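Colleague: Pasting a structure here, questions to come.
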Amino acid sequence: MAMIENRKKKSLIALTMVAPFIVVFSTFFLYPMIEMIRMSFTDAPLVGEGNWVGVDNYIRLIGDRLFVTSLKNNGYFVLLTVVPTTVIALLIALAVSRLKGVAQTLALSLFFLPYVLPVSVVTEIWAWMLDLQFGILQPLIALVSGKPVAVFKNPYWVMPMVALVTIWWTNGFNVLLFIAGLRNIPQELYEAAALDGATRFQRFRRVTWPLLWPVTALVLTLQLILQLKIFDQIYLLSGGGPFNSSYVLLLKVYREAFQMNHGGYASAVATVLFMLIAVVSVLQYQLLRIRRGA
Amino acid sequence: MRLFKTLLLGTALTLGAMPALAKETVIWWDFLSGGDGVRMKALIDGFNKEHPDIQIQGTTLEWGVPFYTKVRTASAVGEGPDVMTYHLSRAPLGLEENVLSEITNEDLATAELKRSDFFEAPIDAATKDGKLYAVPFDIHALILYYNADLLEGSPYLDANGKLTGINSIEDFDAALAWAKEKGVETPVTYQTGGEGGVWRVFYTLLSQQGGEFVTNGEVLSGDNAEKAAKAIDIMSKWRENGWAPEQAEYEASVALFSAGKSAFQLNGVWEVPTFKDLEKSGKLGFKWGAVEVPALLGKRATWADSHAFAIPNEGDKTISGEKRAAVMTVIGWMEKHAIGWADAGHIPAYKAVTTSDEYKAMEPNATYASLAEAAVFDPKTTITGVASPAYDAALNIIAPAIQGYMSGADAVEQIKADLQDKLQ
């Protein structure tokens, strides 16, 4: 009897402790998500109710050229950012971890600083640096391509340049994760390996890399989710142009909902993006874990 | 408990005393910044000083999509302003969204206004099925600025130093070629790398050929497509020949003119105060003027839009009674004092102001005021107007086409593909 009472009491305490989270989660995530899915089956405007139209919105999506373009662009952007940003972060982390004391702190904060900036500031900095008429980076571009290029208005340059800006902006956080991972590797392993005459590369290949793999998998997955949600930089730097070459899914959601007043259709696009992120990230994380196990 | 009672009593007393003051507060939202904003704030201050019983409480929000989104969501939950500024080119979408409350004849009478007091084009743009949904405040259009000093010695200035002899695209091109030869860096400047500038020039050139952007629910159908392609090709040629700047952002395009590097500028009337102020402070260094965009392609036409006052539809909370009367008093006062707004370059939509001697003495405003008759508004659709898909297309398709990525005809095909299915 006492046992049962005790258990009841425990559950009650547990419940009170998780309740704030459940309330917040349900109000700000679960409920909006269910609403979004429900709305995607209606022709609702931005505000207010619409009529039930079944899967019409989804059928329309398949035939929507701009939707296909945005899907491709999202994929291209993921290719441009996810692996490069992880590799760069790893290299920076390895270099920084070799530094000691103040030098390390200084280097770390230098790499972390851009991450602190709001996106509007970041895009403004880069827009100015790459301005066709006055940008200080234009001579550098002229060196590569022969003449100054309005990079955010050029169909070939726009995505790689947005990717570059994004990597510069967000890399600090990944570096931090890698540093934490590196610090978790016991020093004895390196000492033992050194005693056995392992070269520096062998030590990296046999000790650092496998033990760092969980962090790497985490960074890759976080990056994938983050980069699929690309919006701010595109909205501020190129507006989806030129010729839709930087048009992405979230921009489509935004334009359909807030500019065109098509709440239902925008919800359909958002639902597709949500599913895409859920499926791809779970899939990727599982694949990466299998690799670790092998 | 006692404290609580005292508080309660105090509150009740204060509330009871309120009607004795009989002060109406009008919540006002606008999107006017820069020179426009300064002038509008001066008008609001002027009104507040003259009307102790009505006080405008103004808030300036961000121009474009953010403004219209906020208005839309705020009015949906009854938290919108009492009165707001609205682009008439945006009215069709506003009507579809049911955001605009009808301005009845009774409302107009309260403001001591009549429909016939206004120019026809903006009234037409604010009307649907015979019902008026906004009170136009101005007409603002694309005009042609010129640098008289740079054109000196050319056949394009008359004895008084006024622009002359540009009656066709050939004349204009010849003038640009003449200026280029004389060493003018960028003979004609406009915002070539942004949506607004590109759309306004494109739409003007299209309209001058008698072309229409949307006819019977179709984007650039029939020979409108060829006319649009021709407009884009003309703009491309200007860039190719080094007559127009490459990928110029708005500020850069204005700076080219004010720095004396351009003989002509195609820009809105709202930049007039910029050059007036520079001239006044002795920083401009050249004589300038502004005229209605000449009929380059046969027909007199120039892109135009209009700022208007509108009352948001907020269901049960849509303002009525005394509050509504106060708002209409505000609107009526603003219209009659629009001379302070004309100072910002705009042409008052209220005819009495535009025909006044005071307005006629304003230069170069009076010179280009004739364009009120040639003003062409964006088509009445949900895909055109400020911050609309048509503006996106200007940035996304027309601007790069001008830079040589694509021919006019191909660009038109893409515009049609992008915009047609949005028209539903």
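Just so you know, the protein sequences line up as chains E and A, in that order. Counted from 1, the first sequence has number 230 at position 230 by the UniProt record's numbering; the numbering is strictly sequential. Counted from 1, the second sequence has number 335 at position 335 by the UniProt record's numbering; the numbering is strictly sequential. Just so it is clear, CB atoms sit at the ideal spot from N, CA and C, and this is done for glycine as well. All figures in this text were calculated on a predicted structure; none of them were measured in a lab.
Determine which residues of the region 240-258 of chain A have a Cβ less than 9 Å from any Cβ of chain E, and write them out in chain order.
Modeller: P245, E246, Q247, A248, E249, A252
Colleague: Are A:L65 and A:W29 touching if we call contact CB-CB under 9 Å?
Modeller: The question names Leu, but residue 65 of chain A in the sequence shown is Val. No, Cβ-Cβ distance for A:V65 and A:W29 is not below 9 Å.
Colleague: Nearest to residue 438 of chain A by CA position, among A:T384, A:V99, A:A344, A:A111, is which residue?
Modeller: Outside the modelled stretch of chain A, which goes from 1 to 424, sits residue 438 of chain A, for which no answer is possible.
Colleague: Alpha carbons only, please: which of A:A393, A:A310, A:P155, A:D316 is nearest the one belonging to A:V330?
Modeller: A:A310
Colleague: Against E:N74, what residues of chain A qualify as contacts under a CB-to-CB distance less than 9 Å, listed in chain order?
Modeller: Those within 9 Å of E:N74 in chain A number zero; the least Cβ separation is about 17 Å.
Colleague: Going along chain E in order, which residues have a C-beta closer than 7 Å to the C-beta of A:K422?
Modeller: M260
Colleague: Name, please, each residue of chain A whose Cβ falls closer than 9 Å to the Cβ of E:R65.
Modeller: From the beta-carbon of E:R65, the residues of chain A found nearer than 9 Å are A417, D418, D421.
Colleague: So which residues on chain E does A:G193 lean against when the C-beta distance must stay under 8 Å?
Modeller: L132, A150, K153
Colleague: Hey, quick one: how far does the beta strand (DSSP E) through A:E24 stretch, first residue to last?
Modeller: It spans 24-30 - the beta strand (DSSP E) in which A:E24 sits, taken as one unbroken run.
Colleague: Find the residues of chain E that neighbour A:I232, judging by a C-beta separation of less than 8 Å, and give them in chain order.
Modeller: Under the 8 Å cutoff, chain E gives no residues; its nearest Cβ is about 14 Å from A:I232.
Colleague: In whole angstroms, what separates the C-alpha of E:V215 from that of E:V165?
Modeller: 23 Å
Colleague: Ends of the beta strand (DSSP E) at A:W199?
Modeller: First-last for A:W199: 195-208, but that is the alpha helix (DSSP H), not the beta strand (DSSP E).
Colleague: Note down, in chain order, each residue of its chain lying with its Cβ closer than 8 Å to the Cβ of A:Y133, except the 5 sequence neighbours on either side.
Modeller: Within the same chain, Cβ atoms closer than 8 Å to the Cβ of A:Y133 are found at A91, G94, L95, L100, S101, E102, I103, A126, T127, A310, the five residues on either side in sequence being excluded.
Colleague: Taking E:I34 as the reference, which of E:M275, E:V282, E:V279, E:A142 has the closest Cα?
Modeller: E:M275
Colleague: Can you check the region 44-113 of chain E for any alpha helix (DSSP H) of at least 4 residues that lies completely inside it and give the ranges in chain order?
Modeller: 56-63, 65-98
Colleague: Can you tell me which of the three DSSP states E:F204 falls into?
Modeller: E:F204: helix per DSSP, three-state reduction.
Colleague: With a threshold of 9 Å between beta-carbons, can A:Q208 be considered close to chain E, or not?
Modeller: no
Colleague: Leaving out five residues before and five after A:G197 in sequence, what residues of the same chain have Cβ atoms less than 6 Å from its Cβ?
Modeller: Y190, Q191
Colleague: Under 9 Å between the Cβ atoms of E:A150 and A:Q414?
Modeller: It is not a contact, given that the beta carbons lie outside the stated cut-off.
Colleague: Thinking just about the alpha-carbon of each residue, which of A:A304, A:D277, A:T25 is nearest to the one in A:A374?
Modeller: A:A304
Colleague: Is the Cβ of A:I311 closer than 9 Å to any Cβ of chain E?
Modeller: no
Colleague: Cα separation between E:L132 and E:F77?
Modeller: 23 Å
Colleague: Measure the alpha-carbon distance for A:G194 versus A:I397 and round it to whole angstroms.
Modeller: 11 Å
Colleague: Say whether chain A places a C-beta atom closer than 9 Å to the C-beta of E:N244.
Modeller: yes
Colleague: If you drop the 5 nearest sequence neighbours on each side, which residues of the same chain put their C-beta closer than 6 Å to that of A:I27?
Modeller: Q57, P81, D82
Colleague: List in chain order: all unbroken alpha helix (DSSP H) runs of 4+ residues lying wholly within the region 63-129 of chain A.
Modeller: 65-76, 91-96, 105-110, 120-125
Colleague: Can you round the beta-carbon distance between E:N74 and E:L249 to whole angstroms, since I take them to be within the 8 Å contact cut?
Modeller: Yes, they are in contact, since the Cβ atoms of E:N74 and E:L249 sit about 5 Å apart, within 8 Å.
Colleague: With 16 other CB atoms within 10 Å as the buried threshold, where does E:Q138 fall?
Modeller: buried
Colleague: Tell me the rounded alpha-carbon separation between E:L147 and E:S70.
Modeller: It is worth fixing the name first, because residue 147 of chain E is Lys in this sequence and not Leu. The alpha-carbon atoms of E:K147 and E:S70 are separated by roughly 29 Å.
Colleague: From what residue to what residue does the beta strand (DSSP E) around A:E185 run?
Modeller: Segment: none, A:E185 is in no beta strand (DSSP E) and carries neither H nor E.
Colleague: Could you check whether A:S306 and A:F202 sit closer than 9 Å to each other, using their CB atoms as the reference points?
Modeller: Against a cut-off of 9 Å, the Cβ pair of A:S306 and A:F202 comes out as no contact.
Colleague: Locate the beta strand (DSSP E) running through A:D233, then write down its first and last residues.
Modeller: That residue, A:D233, is in no beta strand (DSSP E); its alpha helix (DSSP H) goes 224-240.
Colleague: So, does the region 218-228 of chain E touch the region 271-287 of chain E, judging by three or more C-beta pairs under 8 Å?
Modeller: yes
Colleague: What does A:Q55 pair with, by DSSP beta-bridge criteria?
Modeller: A:T25
Colleague: E:V53 CB to nearest chain A CB: under 9 Å?
Modeller: no
Colleague: What did DSSP end up calling A:D138 once you bin it into helix, strand or coil?
Modeller: strand
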